[in-house]
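Position 45 (the sequence shown) corresponds to 60 in the working numbering; numbering is contiguous. Note that beta-carbon positions come from the ideal geometry of N, C-alpha and C, so glycine has one too. Everything numeric in this text was worked out from a predicted model, so none of it was measured. Here the structure is laid out as structure tokens; the discussion comes afterwards.
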Amino acid sequence: MERILVLDASESLGFRFSKDYTDKYEIMPLSSEHGLYSLLKSIENLNDDFDFVINNFEISYYNRNTDLFDLNFKMQDIINEKFRSAKKIYISTQMVYSSSGDKKSESDKTEPETYYGRTKLMGEAEAKKDNDYIIFRSGLIYGKCIKNIYTDILVSLRGRTPLKLDNSIRINPTLNRDASMAVEAIIKYSDNDVYNLASPDNMTLYDFGRTIAGTLNVDNYNFIKINSSNCYNYDVSSEKIEKTLNFKFSTLNLMNFMTFLR
Numbered sequence: 016m017e018r019i020l021v022l023d024a025s026e027s028l029g030f031r032f033s034k035d036y037t038d039k040y041e042i043m044p045l046s047s048e049h050g051l052y053s054l055l056k057s058i059e060n061l062n063d064d065f066d067f068v069i070n071n072f073e074i075s076y077y078n079r080n081t082d083l084f085d086l087n088f089k090m091q092d093i094i095n096e097k098f099r100s101a102k103k104i105y106i107s108t109q110m111v112y113s114s115s116g117d118k119k120s121e122s123d124k125t126e127p128e129t130y131y132g133r134t135k136l137m138g139e140a141e142a143k144k145d146n147d148y149i150i151f152r153s154g155l156i157y158g159k160c161i162k163n164i165y166t167d168i169l170v171s172l173r174g175r176t177p178l179k180l181d182n183s184i185r186i187n188p189t190l191n192r193d194a195s196m197a198v199e200a201i202i203k204y205s206d207n208d209v210y211n212l213a214s215p216d217n218m219t220l221y222d223f224g225r226t227i228a229g230t231l232n233v234d235n236y237n238f239i240k241i242n243s244s245n246c247y248n249y250d251v252s253s254e255k256i257e258k259t260l261n262f263k264f265s266t267l268n269l270m271n272f273m274t275f276l277r
């Protein structure tokens with residue numbers, strides 16, 4: 016049975032992958048829910064005996080502690096040094112592209128316009144230093160997990176508590192079940208390649224929150240719209256991976272968010 020190290024397993028994609036394939040692979044899930052130091056110590060104590068390392072760890076663009084963004088590439092460097100024999104799977108972001116023009120495909124030039132996007136592109140460069148890698152440029156992955164912006168939205172809707180949501184960056188919300196399936200299908204049968212990993216939905220975090228509220232019939236939500244002087248649209252096309260796997264990403268209008276409240 017092949018061994019797979021998954022970090023961060025508390026975040027949406029890592030959480031879903033660890034649950035979906037626990038019977039197919041020997042999976043070691045590492046979580047950041049107890050802090051970065053605990054995560055790093057856990058990595059330090061592992062042996063270099065994994066077939067795959069999925070690096071789903073990131074400091075996301077909506078994180079207010081921008082001083083931590085460098086971890087988006089430094090963590091991959093740590094993985095490269097520690098796990099030399101494993102195939103490296105790096106979960107990047109659609110924000111490595113420019114926000115100008117049409118939907119971006121994998122062949123489009125990477126021109127990140129934010130420091131977050133630049134650190135993720137640097138993470139890609141670290142992954143490519145290995146001779147066996149796959150890079151996924153994902154949308155905003157949501158779904159049942161321990162904690163991320165999606166669960167923050169659900170908590171806000173339950174308690175009518177205020178939550179600040181960005182309204183200047185358009186991204187592609189992507190169901191973690193779809194992302195998990197696509198990653199598992201690709202990693203064993205592709206080498207040294209890049210795939211966009213995103214649904215066709217395209218909206219800001221604020222609109223994403225309002226969509227969930229509408230689906231759950233919550234009218235008096237307490238979202239605080241955060242605008243900036245610049246607006247970005249990082250819409251991407253996932254045609255490459257959809258054709259490779261012969262499947263379509265789920266869209267928000269088909270989601271039953273009540274299943275994620277149980």
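- When secondary structure is reduced to three states using DSSP, D123 falls in the coil class, being assigned neither helix nor strand.
- Under the 10 Å beta carbon count, R31 is surrounded by 16 or more other beta carbons and is classified as buried.
- Excluding residues up to 5 positions away in sequence, L178 lie with their Cβ nearer than 7 Å to the Cβ of D167 in the same chain.
- Taking the CA atoms as reference points, Y221 sits about 10 Å from I227.
- Look at Y36 here: in three-state DSSP terms it is coil, with no helix or strand label.
- For Y36 and E199, the gap between their C-alpha atoms comes out near 8 Å.
- In this chain, the alpha helix (DSSP H) harbouring R192 covers N191 to I202.
- Non-local beta-carbon contacts of G174 in its own chain, meaning distances under 8 Å to residues more than five positions away in sequence, are absent.
- Beyond the five residues adjoining it in sequence on each side, F88 comes within less than 8 Å, by CB distance, of T134, K135, M137, G138, A140 and E141 in the same chain, given in chain order.
- For the pair of segments examined, the region 93-101 was found not to touch the region 116-130: the number of CB pairs separated by less than 8 Å stays below three.
- Y131 sits buried, since 16 or more C-beta atoms from the chains shown fall within 10 Å of its C-beta.
- For the options G29, S195, R79 and R192, the alpha carbon positioned closest to that of L180 is the one of R79.
- The beta carbon of E48 lies closer than 8 Å to those of S25, I161 and K162 in the same chain, with the five residues before and after it left out.
- About 15 Å separates the beta carbons of T129 and N182, which is beyond the 8 Å limit, so they are not a contact pair.
- Counting every other CB atom within 10 Å of its CB across the protein chains shown gives G154 a total of 16 or more, marking it as buried.
- Rounded to the nearest whole angstrom, the C-alpha separation of D63 and L212 is 28 Å.
- An exposed status is given to N261, since fewer than 16 other beta-carbon atoms sit within 10 Å of its beta-carbon.
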